[in-house]
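For the protein sequence lines, the chains are A and B, in the order given. At position 48 of the first sequence the residue is numbered 48 (the numbering used here), and the sequence of numbers has no breaks. At position 14 of the second sequence the residue is numbered 433 (the numbering used here), and the sequence of numbers has no breaks. By construction, the Cβ of each residue, glycine as well, lies at the ideal position given by its N, Cα and C atoms. These numbers were taken from a predicted model, which means no experiment stands behind them. One structure below.
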Amino acid sequence: MTDVHTALVRAFRDEWGQVVATLIRLTGDWDLAEECAQDAFTQAVGSWARDGVPRRPGAWLTTTARNRALDRLRRDAVGAAKLREVAAMPDPEPEPDDSGVPDDRLRLMFTCCHPALSLDAQVALTLRTLAGLTPAEIGRALLVAEPALRKRLVRAKQKIRHAGIPYRVPPAHLLPERTPAVLAVLYLLFTEGYSATAGADLQRRELSAEAIRLARVLHRLMPDEPEATGLLALLLLQDARRDARVDEYGDLVLLTDQDRSRWDRAEIAEGVALLDGALRRGAPGPYQVQAAIAACHGTAERAEDTDWPQIAALYGRLAAMTRSPVVAVNRAVAVGMASGPEAGLRVLSDVDLPGYHLLPATRADLLRRLGRHDEAARAYRDALELVTTETERRFLSRRLAEVEPGPGGQPAAGRSRPT
Amino acid sequence: MQYMLLICGGPEAAEHAEDGCEGWSEEMAERGVLRGGAGLRPPHEATTVRVRSDEVLLSDGPFAESREQVGGFCLIECGNLDEAVEIASKHPAATYGSIEVRPIWQP
């Protein structure tokens with residue numbers, strides 16, 4: 001039973017997007033596609049427990065969802081032509097290799113990122129339909145309340161249906177205007193997998209792997225777009241550190257404390273090579289700059305070799321490009337390393353980002369390094385009120401314990417767990 | 420699918436009232452996507468009708484106070500939104516005004 005449960009969880013993460021994408025292609029109805037995919041997963045619970053997990057869970061789920069859609073279409077007595085079309089669908093083929101052939105998921109991604117939809121709707125829709133994230137999870141990732149997010153999804157699907165937004169990869173000349181949204185979505189997808197916004201696990205590796213796979217497809221589809229290359233480089237460079245980011249207790253390990261021998265050298269080398277190629281095109285954008293920052297970290301042999309002034313300069317450039325308060329928080333960290341915590345605090349003083357736990361967490365860390373323990377403790381408490389993952393909560397609690405006065409009135413330094 | 424192209428422009432659009440469509444209508448008629456359409460008299464000749472509590476209320480001018488006003492419309496029938504956008508983008512008014520593409524309500 002546990003095996004079936006594990007297989008179901010894995011199938012959901014790996015296959016949800018493909019099942020929904022295929023059903024949308026067949027039926028043209030997003031809600032029907034999602035409902036039938038959900039039904040297929042529900043049916044799998046009983047069926048797999050009875051008959052065992054099928055050899056190709058994705059194919060099983062797609063066939064089951066297709067049959068469910070046929071039943072529904074028959075019952076609703078919709079157009080006979082649509083019914084014939086769906087009925088004529090052959091059994092799903094085995095997963096194609098990622099040879100760059102645009103697949104249903106890529107088509108779905110470009111449908112979600114149609115410029116007739118608002119950027120907000122594009123991102124929300126892709127995370128929901130492609131990655132199977134719940135509205136609650138998407139809401140947290142985008143800092144939007146769940147009811148508002150649900151409304152946004154309903155409106156976007158209605159517009160796709162009523163306005164006749166086609167389900168296809170657009171012709172080459174239409175790709176550039178959609179690229180920024182597609183890149184943004186892939187990055188969010190990766191980030192959601194790299195540091196999940198909720199739950200006990202810090203990482204949902206399947207999401208990151210899927211984002212990297214799609215970024216490769218995209219890079220092959222548009223080799224002349226330096227930002228697409230930059231994004232792939234960025235994802236690889238960040239992913240290379242995943243094994244070192246969490247210790248054996250499942251706790252977060254800061255970049256400076258990570259065991260660099262556990263970084264994936266092949267991924268770093270590939271990321272750096274891709275980045276160099278992209279930068280030679282002379283059109284640096286936010287993803288290339290972020291990849292350059294990740295490359296600075298990835299190529300430093302030891303933490304103390306890190307070129308912080310270079311990283312702080314790159315963040316300055318990124319902040320000018322994006323005007324993002326999240327970037328400003330990161331810049332404060334880099335400036336804090338390059339020029340000292342006082343300078344970092346000065347950068348933070350201009351940042352306004354309600355609800356974002358890393359803002360007070362960063363302030364707390366800079367204050368802690370200045371020995372201003374009372375203020376640091378207050379900031380750690382602010383951060384703890386906002387944090388949503390258990391792993392980060394434990395990390396912040398440990399840090400808070402370090403700066404809080406101990407029973408003797410002294411800061412209880414060195415109380416952190418040895419790693 | 421059917422779409423209404425609402426051809427909008429600012430005050431300067433009046434200069435283009437006599438322009439014609441530079442062959443757009445002919446091309447679209449040949450493609451078989453054109454179902455109808457016309458240019459409209461300027462907004463100050465419009466009358467807006469509302470019925471509230473069984474009373475017919477008339478007001479002078481277009482219903483929306485905006486610099487951009489509808490100056491004409493075309494009804495087209497084509498495969499999907501991308502094709503409708505392609506058709507609209509070929510209309511000369513798109514180069515000085517704007518064109519709102521609205522899908523026709525389908526029961």
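Under the rule that 16 or more other beta-carbon atoms within 10 Å means buried, what is residue i, buried or exposed?
i, result
"LEU143/A", "exposed"
"THR514/B", "exposed"
"TRP48/A", "buried"
"PRO430/B", "exposed"
"GLY250/A", "exposed"
"THR111/A", "buried"
"ASP257/A", "exposed"
"PHE482/B", "exposed"
"SER416/A", "The pLDDT assigned to SER416/A is 41, lower than 50, so where the model puts this residue is not dependable, and the model offers no usable value."
"GLY480/B", "exposed"
"ILE523/B", "exposed"
"ASP103/A", "buried"
"PRO341/A", "buried"
"ALA433/B", "exposed"
Near residue i, what residues of its chain come up, given a Cβ to Cβ distance below 8 Å and the 5 sequence neighbours on each side ignored?
i, result
"ASP98/A", "Residue confidence for ASP98/A is low, a pLDDT of 46 falling below 50, so the modelled location carries little weight and cannot support an answer."
"LEU8/A", "PHE41, ALA44, VAL45, TRP48"
"PRO94/A", "For PRO94/A, the predicted structure reports a pLDDT of 45, less than 50, and the residue's modelled location is therefore unreliable. A value from the coordinates is still provided. Only ARG56, ALA59 meet the Cβ criterion."
"HIS510/B", "LEU424, ILE426, CYS440, TRP443, CYS493, ILE518"
"ASP29/A", "ARG161"
"TYR167/A", "ILE24, ARG25, GLY28, ARG107, LEU108, THR111"
"ALA343/A", "VAL335, GLY336"
If I'm right that residue i touches residue j with Cβ under 8 Å, what's the distance once you round it to whole angstroms?
i, j, result
"ALA124/A", "ARG105/A", "Contact doesn't hold; Cβ gap of about 17 Å is too wide."
"LEU235/A", "ALA211/A", "6 Å"
"VAL326/A", "LEU353/A", "7 Å"
"ALA116/A", "ALA163/A", "6 Å"
"ALA233/A", "LEU275/A", "4 Å"
"GLY230/A", "GLY285/A", "6 Å"
"ALA328/A", "VAL351/A", "5 Å"
"THR62/A", "THR22/A", "5 Å"
"LEU500/B", "ILE268/A", "With a Cβ gap of about 43 Å, LEU500/B and ILE268/A do not count as contacting."
"GLN238/A", "TYR287/A", "That pair is no contact at about 11 Å."
"ARG75/A", "LEU32/A", "In fact, because the Cβ distance is near 12 Å, the residues do not count as touching under 8 Å."
"VAL246/A", "LEU254/A", "About 11 Å; that fails the 8 Å criterion."
"GLY490/B", "GLY458/B", "7 Å"
"VAL53/A", "ALA37/A", "With 8 Å as the limit, VAL53/A and ALA37/A do not qualify as a contact, their Cβ atoms being about 18 Å apart."
Along chain A, in chain order, which residues have C-beta atoms closer than 7 Å to that of residue i?
i, result
"MET423/B", "Near MET423/B there are no residues of chain A at all, since even the closest Cβ is about 12 Å away, more than 7 Å."
Residues in the same chain with beta-carbon distance under 7 Å from residue i, minus the five sequence neighbours each way, listed in chain order, please.
i, result
"ILE138/A", "ALA124, LEU127, ARG128, LEU149"
"LEU494/B", "GLN421, MET423, ARG454, GLY455, GLY456"
"GLU225/A", "THR179"
"ILE506/B", "MET447, VAL452, ILE495, CYS497"
"LEU367/A", "GLU375, ALA376, ALA379"
"ASP438/B", "PRO511"
"ASP382/A", "PRO360"
"PRO170/A", "PHE110, ARG178"
Starting from residue i, find everything on chain B with Cβ-Cβ shorter than 9 Å and list it in chain order.
i, result
"ILE165/A", "ASN499, LEU500, ASP501"
For a contact meaning CB atoms closer than 7 Å, what does residue i contact in chain B?
i, result
"HIS162/A", "PRO522"
Excluding five sequence neighbours on each side, which residues of the same chain lie with their C-beta closer than 6 Å to the C-beta of residue i?
i, result
"ASP243/A", "ARG262"
"LEU314/A", "VAL289, ALA292, ILE293"
"GLY282/A", "none"
"SER485/B", "none"
"ARG13/A", "GLU206"
"ASP259/A", "ALA244"
"THR64/A", "ALA40, GLN43"
"GLU192/A", "ALA141, LEU207"
"ALA136/A", "GLU146"
"ALA465/B", "GLY480, PRO481"
"LEU476/B", "ARG469"
"LEU358/A", "VAL329"
Against chain C, with Cβ distances strictly below 8 Å, would residue i count as a contact?
i, result
"MET447/B", "Considering every chain present, this structure includes no chain C. Its protein chains are A and B."
Closer than 8 Å between beta carbons: that is the criterion. Which residues of the stretch 360 to 375 of chain A meet it against chain B? none
Check distances from the C-beta atoms of the stretch 496 to 516 of chain B to those of chain A and list, in chain order, the residues that come in under 9 Å. CYS497, GLY498, ASN499, LEU500, ASP501, GLU502, ALA503, VAL504
Please identify, using Cβ separations under 7 Å, the residues of the stretch 104 to 133 of chain A that lie next to chain B, in order along the chain. ALA116
Along the stretch 170 to 187 of chain A, where does the CB come closer than 8 Å to a CB of chain B? Name the residues. PRO170, LEU174
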